[in-house]
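One structure is given here, and the rest of the page talks about it.
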Amino acid sequence: MSFAPCPTVGRHAWILQAANVARRERMDAQQAVAEITSRLNRRPTPRNEVAHAVQKVFSESWRGGTSSPGIRVQPIDQTPKWPAVAKVKPYDEHAVGVADLWERSPVRFDDELPHSQEILETLFSTDDLICAGRSTYEFTTQQLWCFDDLSQWQFIVPSPMSAEVGTTQDGIQSAHCLDNTGPRRFAVIECDEGTADEQAALLLHLSRKLPLALVVLSGGKSVHGWYFVVGIPEPVIHKFFRYAVSLGADRATHTRSQFVRMPDGLRDNGKRQSVVYFNPETTR
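Per this note's numbering, the very first residue in the sequence shown carries number 37; after that it's consecutive.
Pasting the structure below:
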């Protein structure tokens, strides 16, 4: 990624310029926000500064326009990299919902307490390096057993890390980047479109393709499904993602280093990211 280093003066203009670079590189908005935020030399002010800049640059009205004096938003190749969303779904979106996921879950937590540590110690080894984030700009990578209380964290990379620190594409050392993300352990599917019940129906449909291990409510409007993919060739996983995207899934989570919601973690709006389906047998 050809981002210039973040300057100490003129940082807002740099954020707009970086958003334009991310758009030309065909990154989606969520990934662009994460990548740009990780390169800042101070916290965004206000907190939605990066998200607002990315939204502005990625919007249709800004294509070919001017992001700020001296920064030209270049036109981008409109050739689709991912398949278009199918107009007709090969499953009944209303046949099942979130409640059905809960009823079908082999393991259910009904004590209203967070079980982040227990869940992750089932899905990972306690010696695995885990990258977790309290936010997209406050994160760390360390062995799972070193974390005190992951139920207070928002984000996690759904695969073990290969090292505590890696090098970003512009040469910056970071605890969260593709360079220090290990082989994929889970393919995570999320959707921002449709109701939670409609998303649950999609996740159950996809479980016919790959084993569904975990379903997490985001604390917002999306539902995340974790599919166990150890031993499955990457081209097969990519085909799975393409099929999911054709049914309305977000392609951002195809990136191995992409943060997803921490199971039973705490969102920044104070809502618990509840687990509604957990099948540890799929990982054994």
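Every residue gets a Cβ at the ideal spot worked out from N, C-alpha and C, and that includes glycine.
Given 8 Å, three or more beta-carbon pairs between the region 272-283 and the region 180-194: Not touching, per the Cβ criterion.
Bridge partner(s) assigned by DSSP for H260: If you number the sequence shown from 1, residue 260 lands on position 224. According to DSSP, H260 bridges with E226, V252.
Environment of D300 [buried if 16+ CB atoms lie within 10 Å]: Residue numbering aside, residue 300 sits at position 264 when the sequence shown is read from its first letter. By the neighbour-count rule (16 or more Cβ atoms within 10 Å), D300 is buried.
Nearest neighbour of K245, chosen from E71, F264, S258, L165 [CA to CA]: Working through the sequence shown from its first residue, we reach residue 245 at position 209. Ranked by Cα distance from K245, the options E71, F264, S258, L165 are led by F264.
CA nearest to the CA of Q188, picked from T177, G169, A135: Mapped onto the sequence shown, residue 188 falls at position 152. Taking only the C-alpha atoms, the option nearest Q188 is G169.
Three-state secondary structure assigned by DSSP to Q91: For this step, residue 91 is matched to residue 55 along the sequence shown. Reduced to three states, the DSSP call for Q91 is helix.
For G169: DSSP bridge partner residues: As a working note, residue 169 is residue 133 in the sequence shown. Note: G169 sits in a beta bridge opposite F175, F191.
Cα-Cα separation, F145 to G284: The residue given as residue 145 occupies position 109 in the sequence shown. The residue given as residue 284 occupies position 248 in the sequence shown. Distance between the alpha carbons of F145 and G284: 29 Å.
Environment of N56 [buried if 16+ CB atoms lie within 10 Å]: Here the question's residue 56 lines up with position 20 in the sequence shown. Counting Cβ neighbours within 10 Å, N56 comes out buried, since at least 16 surround it.
Rounded separation between L159 and T319 - CA only: Taking the first residue of the sequence shown as position 1, residue 159 is located at position 123. Taking the first residue of the sequence shown as position 1, residue 319 is located at position 283. Looking at the backbone, the Cα of L159 and that of T319 are separated by about 7 Å.
Short Cβ contact (8 Å threshold) for N315 with P150: One-based indexing of the sequence shown puts residue 315 at position 279. One-based indexing of the sequence shown puts residue 150 at position 114. No.
Under the three-state DSSP convention, the category Y313 falls into: The residue given as residue 313 occupies position 277 in the sequence shown. Strand at Y313.
Alpha-carbon spacing of R78 relative to K257, whole angstroms: Here residue 78 refers to the residue found at position 42 when the sequence shown is read from its first residue. Here residue 257 refers to the residue found at position 221 when the sequence shown is read from its first residue. Distance between the alpha carbons of R78 and K257: 29 Å.
V121 - partner residues in DSSP beta bridges: By 1-based counting over the sequence shown, the position of residue 121 is 85. Looking at the DSSP output, V121 bridges to nothing.
Alpha-carbon spacing of A223 relative to W181, whole angstroms: On the sequence shown, residue 223 is found 187 positions in, with the first residue counted as 1. On the sequence shown, residue 181 is found 145 positions in, with the first residue counted as 1. Approximately 23 Å between the Cα atoms of the pair.
Segment contact flag, the region 212-230 with the region 282-297, C-beta cutoff 8 Å, min 3 pairs: A contact exists between the region 212-230 and the region 282-297.
F183 beta carbon less than 8 Å from that of H212: By one-based count along the sequence shown, residue 212 stands at place 176. By one-based count along the sequence shown, residue 183 stands at place 147. The answer is no: Cβ separation not under 8 Å.
Terminal residues of the alpha helix (DSSP H) in which T158 lies: Sequence index remark: in the sequence shown, residue 158 carries index 122 (1-based). Counted as a single uninterrupted DSSP element, the alpha helix (DSSP H) harbouring T158 occupies residues 152-159.
Alpha-carbon to alpha-carbon, V69 and A249: Within the sequence shown, the letter at position 213 stands for residue 249. Within the sequence shown, the letter at position 33 stands for residue 69. Between A249 and V69, the C-alpha separation is close to 28 Å.
Alpha-carbon to alpha-carbon, A122 and V400: This structure leaves residue 400 out entirely; the chain is present only between 37 and 320.
Of the listed residues I208, D233, Y279, nearest to W118 (C-alpha basis): The residue labelled residue 118 in the question sits at position 82 within the sequence shown. With distances taken between Cα atoms, W118 lies closest to Y279.
Test item: CB-CB of Q179 and L165 under 8 Å: In the sequence shown, counting from the first residue as 1, residue 179 sits at position 143. In the sequence shown, counting from the first residue as 1, residue 165 sits at position 129. Yes; because the gap between Cβ atoms is below 8 Å, this pair is in contact.
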